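Protein chains in written order, with our numbering: chain A, 816 to 1084; chain B, 3 to 400.
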């Protein structure tokens, strides 16, 4: 029997960041009352996985996330969108992981439990940390090629190869690679999935496996904060630039004159 | 140490071909490691039989202190039919010079390319003590595999204390790959770098879309690695009296190490066209421009002022402009002398991509738009009515 193709999608739950501020007295993040969402770039990755499944058929899709128990909500959303099953890496021992420790824990989980994967999809970056490092670090640890900033993915060669359109600084590039491989997504597919009522109900019957540190064959010192190579020594609010002049209520012609005066004063014209 | 699983090894010789140091030889159809292995890891991911692995042990404080030298990656781009270092390299040289002086160590810039490499002498005038040239026909265009192999080999052999990359699209796919191969701490997209009293690199970066700043150290690993946001650090005029040397690093690469294949390139920006990252004057459009047809006003104003057009993520998503012109957290970071934001409200993700601009002008209908908080001059009003008048005035003034 030919093995069914397996796509793993690594996702992260993130706080809605627009209102995150620092408590000036304690220097800690004020996160109370802030909603958590599935990271938008991860959502692109989920949609791409589902799109490939719809288009090529006979593909198993699995989402994996490392996070607090509440991250279950983000995984439920993936299952409602149509993902087949989910794995949540939740353990206090994983807490405080930097990008290396995160990538290492994900890689060990994948090797132990889903080693027969064909393709890994990730978002280009998470909107909270914005490091964009876990994807490349994960692919290096797993020893597979990476294609970053993808906007389109096709399977070719009887699902043994991928052809990816990716964004580069001067335009776009079409890249091919033999599977297994990892792709990070800059944009999602044009067809977005809207979950039906039935899909939402079905999601509750799907497997959502919680994995803890004891399920993995890793020394505790290699996990979470202890296993991290970087340490945060200080957090502080950014410096706000001094406000300039704001002019309201001018007629367009007068506004244009003010702009010209300013541009001349600063010697731009 | 490098371990070879003799059960799995097929004697295919790929590791022998990809080893940058000639440290693997095949004897009796089995790979054997020599004493000159630096543990750079080039062989491990190239082995089709997964027979090679490296066991890396934590390094002691005394060992860490032996790492010396500030290194930066001299990323190149196409220029005048050749390839030459990008603007961000001059920024890294200026900041790297300060770090090297604080540490009393040398500053080396590592440049990878093929025989079209040019402009290396100028790197010395911008602060480098040493230019390490890595020339190979497989380095003419960027691939993560080949560049990771070469940079990892250099780090393993030279043992620098600091290694910096520009946080450009390529820098951000390369640095984490190298860091993971060599088990190194890496900090993304830094906007502040300094040496503390312990001689450690303090790496400061924005997080949560720019709402907070975090200072980060890598206490246990060397080199301390960081990607550095372009257009944040400034550089001065070149100093033609500076002395330095250009040395060659012998590159060994095999096509067998490169698994990704570029089959087509679609150019959205001509190589003669100024990149928004390098532009001195930018006129940037947001959703407040109302429709794609109105962008000709933005383009015209940019041309009259001798600048280029850019835009917010919102209008890239609407397909009004290509992603090569997108300013912001998920686009490019710009640092022009003048940034005119037209119909851009100024979400924090946009602001972090342009707030190092010297002068900022904002035109927006909404008096409460966050862009006004950082603007040197803000005009509340309908940009589509103001722009035609402004263009007429600019034409009169030039």
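No residue lacks a Cβ here, since even glycine has one placed at the ideal position from N, Cα and C. Because the structure is a prediction, the values reported are computed rather than measured.
Taking a Cβ-Cβ cut-off of 7 angstroms, the neighbours of residue 326/B in chain A comprise 984, 985, 986, given in sequence order. Assigned with DSSP and collapsed to three states, residue 291/B falls in helix. Beta-bridge partners of residue 77/B (DSSP): none assigned. Contact annotation: in the segment 19-40 of chain B, no residue has its CB less than 8 angstroms from a CB in chain A. Here DSSP, grouped into helix, strand and coil, assigns residue 1019/A to coil. Look at residue 1027/A here: in three-state DSSP terms it is coil, with no helix or strand label. Residues of chain B whose Cβ lies closer than 7 angstroms to the Cβ of residue 1081/A are, in chain order, 361. Listed in chain order, the beta strand (DSSP E) elements of length 3 or more contained wholly in the segment 131-186 of chain B are 132-137, 164-168. One Cα belongs to residue 975/A, the other to residue 933/A, and the distance between them is close to 8 angstroms. For secondary structure counted as the beta strand (DSSP E) over 3 or more consecutive residues, the segment 872-960 of chain A holds these complete runs in sequence order: 874-881, 900-904, 934-938. Around residue 1028/A, no beta-carbon contact reaches into chain B at under 7 angstroms, the shortest distance being about 20 angstroms. Nearest in C-alpha terms to residue 867/A, of all of 894/A, 906/A, 967/A, is 967/A. The beta carbon of residue 215/B sits closer than 8 angstroms to some beta carbon of chain A. Residue 178/B is not a Cβ neighbour of residue 855/A, given a cutoff of 8 angstroms. Restricting attention to 38/B, 220/B, 336/B, the CA atom closest to the CA of residue 276/B is found in 336/B.
Chain-ordered, the chain A residues with CB closer than 7 angstroms to the CB of residue 391/B read 1067, 1068, 1071. By the beta-carbon neighbour count (other beta carbons within 10 angstroms, threshold 16), residue 881/A is buried.
By the rule that beta-carbons nearer than 8 angstroms mark a contact, residue 924/A does not touch chain B. The contact set of residue 993/A on chain B, defined by CB atoms closer than 8 angstroms, consists of 261 in chain order.
For the C-beta of residue 399/B, the chain A residues within less than 9 angstroms are, from N- to C-terminus, 1075, 1078, 1079, 1084.
When secondary structure is reduced to three states using DSSP, residue 58/B falls in the coil class, being assigned neither helix nor strand.
Of all residues in the segment 859-884 of chain A, none has a C-beta nearer than 8 angstroms to a C-beta of chain B.
For the pair of segments examined, the segment 953-963 of chain A was found to touch the segment 985-1004 of chain A: the number of CB pairs separated by less than 8 angstroms reaches three. From the beta-carbon of residue 188/B, the residues of chain A found nearer than 9 angstroms are 913, 914, 915, 946, 948, 952, 1044, 1045. The C-beta distance from residue 280/B to residue 309/B rounds to 11 angstroms, too long to meet the 8 angstroms contact threshold. At least one CB of chain A lies nearer than 8 angstroms to the CB of residue 46/B.
Taking 8 angstroms as the cut-off, the beta carbon of residue 273/B is found closer than this to the beta carbon of residue 80/B. Chain-order list of chain A residues neighbouring residue 146/B: 961, by C-beta distance under 7 angstroms. By the neighbour-count criterion, in which 16 or more other beta carbons inside 10 Å mark a residue as buried, residue 939/A falls on the buried side. Residue 151/B is classed as buried because its beta carbon has at least 16 other beta carbons within 10 Å across all chains shown. Under the criterion of beta carbons closer than 8 angstroms, residue 185/B and residue 223/B qualify as touching, at roughly 7 angstroms.
Bounds of the beta strand (DSSP E) holding residue 268/B are 263-269. Counting only the Cα atoms, residue 358/B lies some 10 angstroms from residue 340/B. Pairing residue 864/A with residue 1009/A, the inter-Cα distance amounts to about 14 angstroms. Non-local beta-carbon contacts of residue 892/A in its own chain, meaning distances under 8 angstroms to residues more than five positions away in sequence, involve 853 in chain order. At a C-beta separation below 7 angstroms, residue 331/B has these neighbours in chain A: 945.
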